[in-house]
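Residue numbers (this note's numbering), protein chains in the order written: chain A, 1104 to 1485; chain B, 1104 to 1485. Structure record follows, encoded as structure tokens.
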DNA sequence: TTGTAAGCGTTATCAA
DNA sequence: TTGATAACGCTTACAA
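And the structure:
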């Protein structure tokens, strides 16, 4: 070695080629699993790669092919439960195919503006997943200019191919559940359409259609806040009335959590005084014993990622609208509606609509232990 | 145009240079904001970029510089609240600096194995953020082999630089709050150290030290499940005792949610019969009226991202251990401990430790409206 | 202050 | 089945 101009620290395909005694093109072919490589050659390459601990440069490959082998996820980071659930599905589908996962937040106005004005995804992704996004026409145009396939996951219906659920049917199932329990006076707490979520209209539409089909009047409280806060707001408004409906459907489980809070604070019992059903099957719904309509979030992510990858490969129709099924999960927040005078039979009915805890938990009729335990504690060995 | 070998569809730096009437190196300098460019030249370049809608190729830049201008986030996607909160901070810090955000899930065993065996981050990131990760020595070694800076966000203490909170102090603050309320018999529901979370030991250690400092015996229930499930499990075990402690501290808010569920199911009232305090200030803690120790999740993400970027730039010490402050948030799940015989004054004390709802919500003493509302409803105009 | 040209590490075309 | 070699689009000495 007479003189080296620059010390190349990383091992490249050239080093592998030299070590294996073949040309770089052969190494490249072998590594990408092309068929026209002799088995023996393939094996020598494999060994050289191992020995040199060679890792291909994605940047170089990207430059040469024009592909990035990564996909971008556009989402509001504040949809915590839904987003992370979807991401689990997306991640597992993507990893299996060797794609990387780039995240972009459009949760608050600042992040959103930054995203749509600077368009940081350009030249960086082969495809885009828009999770629970509500996009203006302008924003959709920006995405289109990326010039890569885009799939919406459970956002509003646009021209984009979409993977989601049948929100109308889910809402109808909630109404049906309540109706079967004898409820006729059912209200819904729904989010304001102006807010940034795509499921407002369909769930409310499904609710209204189902209630109307039963021949009842529709009763929808529209709130302008989302999550538990919105539920509190909506429930507080309901509570200003002189009488409550016997059952309430909320746009989401988180709203139901908030509604539950208001009801407890006011001394209204669930399900004795009012039945409550949510939508989503949020991870905390079991802990709050909430009856709900479950949606398969993780699965939506996996299906959407697969669809997107097929679109990138050119082997998928670009106008899909896949709807995954929802399902009713009956827990303890809904129960049979009692006509006036029936109230004495409350306890008897209670078990009918509650999930039984899997563990041998103390029964609901057990009397609370004393709060005074200092003396008792000293009797425990430790 | 006599003949073109390949149709270059994308506009490159060469096109910009031609249009601006300068060399590519001048364009490159101008674009990267180097100072040795004449103002007039800079302006001509800017205009050419605009007119051609030029977007630099990250792949080409990465190939030339060896930098990727993206950072990788390693996390369990099932820490939904904490992860997304941290990500908000990370994202905002990163975007401002032009970095991209690559996500990698190590939540379940399969994803974890895949990550640590195939090491998909190699050559793809300039730095790594490990969020709430518990890493074996082997796994840390894999990260080290990436040969880029790594910062831990609120995981276990390792040799890695870390941004987190003072869990011990937070736990001590919880104990202090309960002690000031007169509680002497305080139990903790804590997670099993084997599970994949880094905050087990410090929070429990802080609890035990604080309780011991008060001269009381420590009383810790260790459960092997996390989240609400763990809280249910722990509370159910506590409920098998003949007496309950007067106050309970849980390792996390989600555990507190589960504990609350068990208590309600059993008919034990919070805070009348037992006080409950959590840790985190989970987004749903307000809806469950849970007193808790808040940790600044989003801020941890922002600080960690900044630290990481400084490390990448070489302008940061590589042994940081930054602890952000926690703070007590008093809501309605804790109250003054009543000596035997004091029980009649319950209502009087109640307001002392509850957050007042910001809205003009119905007061807690309002009597529940009738569940029969069909008639009333028909009186409303609609 | 600007231009020339040599990399960076792949892929892919074309011959052999 | 394999090998030379020209892109890919940028950065960065070095020269002017």
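C-beta atoms are modelled at their ideal positions from N, C-alpha and C, and glycine is treated no differently.
Cutoff 9 Å: residue 1149(B) Cβ touching any chain A Cβ
In the second chain, residue 1149(B) corresponds to position 46, counting from 1. Not closer than 9 Å to any Cβ of chain A, the Cβ of residue 1149(B) fails to qualify, so no.
So, are the CB atoms of residue 1361(B) and residue 1338(B) less than 9 Å apart?
On the second chain, residue 1361(B) is found 258 positions in, with the first residue counted as 1. On the second chain, residue 1338(B) is found 235 positions in, with the first residue counted as 1. Their beta carbons are under 9 Å apart, which means residue 1361(B) touches residue 1338(B) by this criterion.
Give a yes or no on whether the minimum CB-CB distance between residue 1126(B) and chain A is below 9 Å.
Translated into the one-based positions of the second chain, residue 1126(B) becomes position 23. For residue 1126(B), the answer is no, since every Cβ of chain A falls outside 9 Å of its Cβ.
Three CB pairs or more closer than 8 Å across the segment 1312 to 1321 of chain B and the segment 1365 to 1373 of chain A:
no
The beta strand (DSSP E) with residue 1070(A) in it runs from where to where?
With chain A running from 1104 to 1485 in the structure shown, residue 1070(A) is simply not present.
When you compare each of 1378(B), 1255(B), 1231(B) and 1213(B) to residue 1403(B) by their alpha carbons, which one comes out closest?
To locate residue 1403(B), count along the second chain from 1; it is residue 300. Selected option, being the one with the closest Cα: 1255(B).
Between the Cα of residue 1407(B) and those of 1323(B), 1380(B), 1333(B) and 1264(B), spot the shortest distance and give me the residue it belongs to.
Locating residue 1407(B) in the second chain gives position 304, counting from the first residue. Ranking the options by Cα distance to residue 1407(B), first place goes to 1264(B).
Between residue 1277(A) and residue 1382(A), which are expected to be in contact by the criterion C-beta below 8 Å, what is the C-beta distance as a whole number of angstroms?
Indexing the first chain from 1 puts residue 1277(A) at position 174. Indexing the first chain from 1 puts residue 1382(A) at position 279. Contact flag correct, Cβ pair sits at about 7 Å.
Looking at the secondary structure, which residues open and close the alpha helix (DSSP H) in which residue 1134(B) lies?
Locating residue 1134(B) in the second chain gives position 31, counting from the first residue. Run containing residue 1134(B): 1127 to 1134, per the alpha helix (DSSP H) assignment.
Suppose the cutoff is 8 Å on Cβ atoms and the five residues either side in sequence are ignored; what does the same chain contact list for residue 1155(B) look like?
As a working note, residue 1155(B) is residue 52 in the second chain. Correct list, in chain order: 1114, 1118, 1119 and 1122.
Can you find a CB in chain B that lies within less than 9 Å of the CB of residue 1451(A)?
Along the first chain, one-based indexing puts residue 1451(A) at 348. Because the pLDDT at residue 1451(A) is just 32, under 50, the model does not fix this residue reliably, and the point stays unresolved.
Taking 9 Å as the CB-CB cut-off, is residue 1206(B) touching chain A?
Within the second chain, the letter at position 103 stands for residue 1206(B). It does: the Cβ of residue 1206(B) has a partner Cβ on chain A nearer than 9 Å.
Can you tell me whether DSSP reads residue 1353(B) as helix, strand or coil?
Working through the second chain from its first residue, we reach residue 1353(B) at position 250. It is a strand residue.
Kindly confirm or deny that the segment 1407 to 1416 of chain B and the segment 1337 to 1352 of chain B touch, where touching means at least three C-beta pairs closer than 8 Å.
no
Which residues of the segment 1377 to 1394 of chain B have a Cβ closer than 8 Å to any Cβ of chain A? Give them in chain order.
1377, 1386, 1387, 1389, 1390, 1391 and 1392
So, does the CB of residue 1136(B) fall closer than 9 Å to a CB anywhere in chain A?
Walking along the second chain from the start, residue 1136(B) turns up at place 33. Answer no: the Cβ-Cβ gap between residue 1136(B) and chain A never drops below 9 Å.
The segment 1155 to 1175 of chain B touching the segment 1160 to 1177 of chain A, judged by at least three CB pairs closer than 8 Å:
yes
Rounded to whole angstroms, what's the CA-CA distance from residue 1356(A) to residue 1426(A)? Just pull it up for me.
Against the first chain, residue 1356(A) aligns to sequence position 253. Against the first chain, residue 1426(A) aligns to sequence position 323. Spanning the two alpha carbons is a distance of roughly 20 Å.
Tell me whether residue 1206(A) sits in a helix, a strand or coil according to DSSP, three-state version.
Position 103 of the first chain holds residue 1206(A). If DSSP states are grouped into helix, strand and coil, residue 1206(A) belongs with the strands.
Enumerate, from N- to C-terminal direction, the unbroken beta strand (DSSP E) stretches of 3 or more residues contained entirely within the segment 1350 to 1434 of chain B.
1350 to 1353, 1378 to 1383, 1394 to 1397, 1424 to 1427 and 1430 to 1432
Delimiting residues of the alpha helix (DSSP H) encompassing residue 1293(B):
By one-based count along the second chain, residue 1293(B) stands at place 190. First-last for residue 1293(B): 1289 to 1294, but that is the beta strand (DSSP E), not the alpha helix (DSSP H).
Report the partner residues of residue 1324(A) according to the DSSP bridge assignment.
Counting from 1 along the first chain, the entry for residue 1324(A) is found at position 221. Note: residue 1324(A) sits in a beta bridge opposite 1292(A).
For residue 1420(A), which residues from the same chain have a beta carbon less than 7 Å from its beta carbon, with the 5 sequence-adjacent residues on both sides left out?
As a first step, residue 1420(A) must be located in the first chain, where it is residue number 317. Correct list: empty, nothing qualifies.
Per DSSP, residue 1253(A) forms a beta bridge with which residues?
Within the first chain, the letter at position 150 stands for residue 1253(A). According to DSSP, which records beta bridges pairwise, residue 1253(A) is partnered with 1231(A).
Hey, could you find the ends of the alpha helix (DSSP H) residue 1330(A) is sitting in?
As a working note, residue 1330(A) is residue 227 in the first chain. Where residue 1330(A) is concerned, the enclosing alpha helix (DSSP H) stretches over 1330 to 1342.
For residue 1530(B), report the span of its beta strand (DSSP E) as first-last.
Shown here, chain B extends from 1104 to 1485; a query on residue 1530(B) therefore has no answer.
Would you say residue 1219(A) touches the ligand FAD, meaning its beta carbon is less than 8 Å from a heavy atom?
With respect to small molecules bound, the structure shown includes none, and the ligand FAD cannot be examined in it.
Taking residue 1267(A) as the reference, which of 1235(A), 1126(A) and 1284(A) has the closest Cα?
Here residue 1267(A) corresponds to residue number 164 of the first chain, with the count starting at 1. Here the closest residue by C-alpha is 1235(A).
How long is the line joining the alpha carbons of residue 1228(B) and residue 1157(A), rounded to whole angstroms?
Locating residue 1228(B) in the second chain gives position 125, where the first residue counts as 1. Locating residue 1157(A) in the first chain gives position 54, where the first residue counts as 1. Going by the C-alpha atoms only, they are around 17 Å apart.
Give the secondary structure of residue 1479(B) by DSSP, where H, G and I count as helix, E and B as strand, and everything else as coil.
As a first step, residue 1479(B) is located in the second chain; it is residue number 376 there, counting from the start. Reliability of the predicted coordinates at residue 1479(B) is poor, the pLDDT of 32 falling under 50, and no value is obtained from them.
Residue 1437(A) versus residue 1359(A) - alpha carbon distance:
Taking the first residue of the first chain as 1, we reach residue 1437(A) at position 334. Taking the first residue of the first chain as 1, we reach residue 1359(A) at position 256. Rounded to whole angstroms, residue 1437(A) to residue 1359(A) spans 12 Å at the Cα level.
Residue 1146(A) versus residue 1238(B): straight-line alpha-carbon distance, rounded:
Stepping through the first chain from its first residue, residue 1146(A) is reached at position 43. Stepping through the second chain from its first residue, residue 1238(B) is reached at position 135. Going from the Cα of residue 1146(A) to the Cα of residue 1238(B) covers about 34 Å.
For chain A, is any of its Cβ atoms less than 9 Å away from the one on residue 1187(B)?
In the second chain, residue 1187(B) corresponds to position 84, counting from 1. Answer yes: the Cβ-Cβ gap between residue 1187(B) and chain A drops below 9 Å somewhere.
Restricting to Cα atoms, I'd like to know which of 1210(B), 1388(B), 1435(B) and 1353(B) is closest to residue 1191(A).
Translated into the one-based positions of the first chain, residue 1191(A) becomes position 88. Among 1210(B), 1388(B), 1435(B) and 1353(B), the Cα nearest to that of residue 1191(A) is on 1210(B).
Which of helix, strand or coil does DSSP assign to residue 1118(B)?
On the second chain, position 15 is the one that residue 1118(B) refers to. Looking at residue 1118(B) - three-state DSSP - the assignment turns out to be helix.
Residue 1454(B) to residue 1322(B) span [Cα, whole Å]
Reading the second chain from its first residue, position 351 is the one you call residue 1454(B). Reading the second chain from its first residue, position 219 is the one you call residue 1322(B). Summary for residue 1454(B): the model assigns pLDDT 30, below 50, so the residue's position carries little reliability; its value from the coordinates is reported in the next sentence. Computed Cα separation, rounded: 29 Å.
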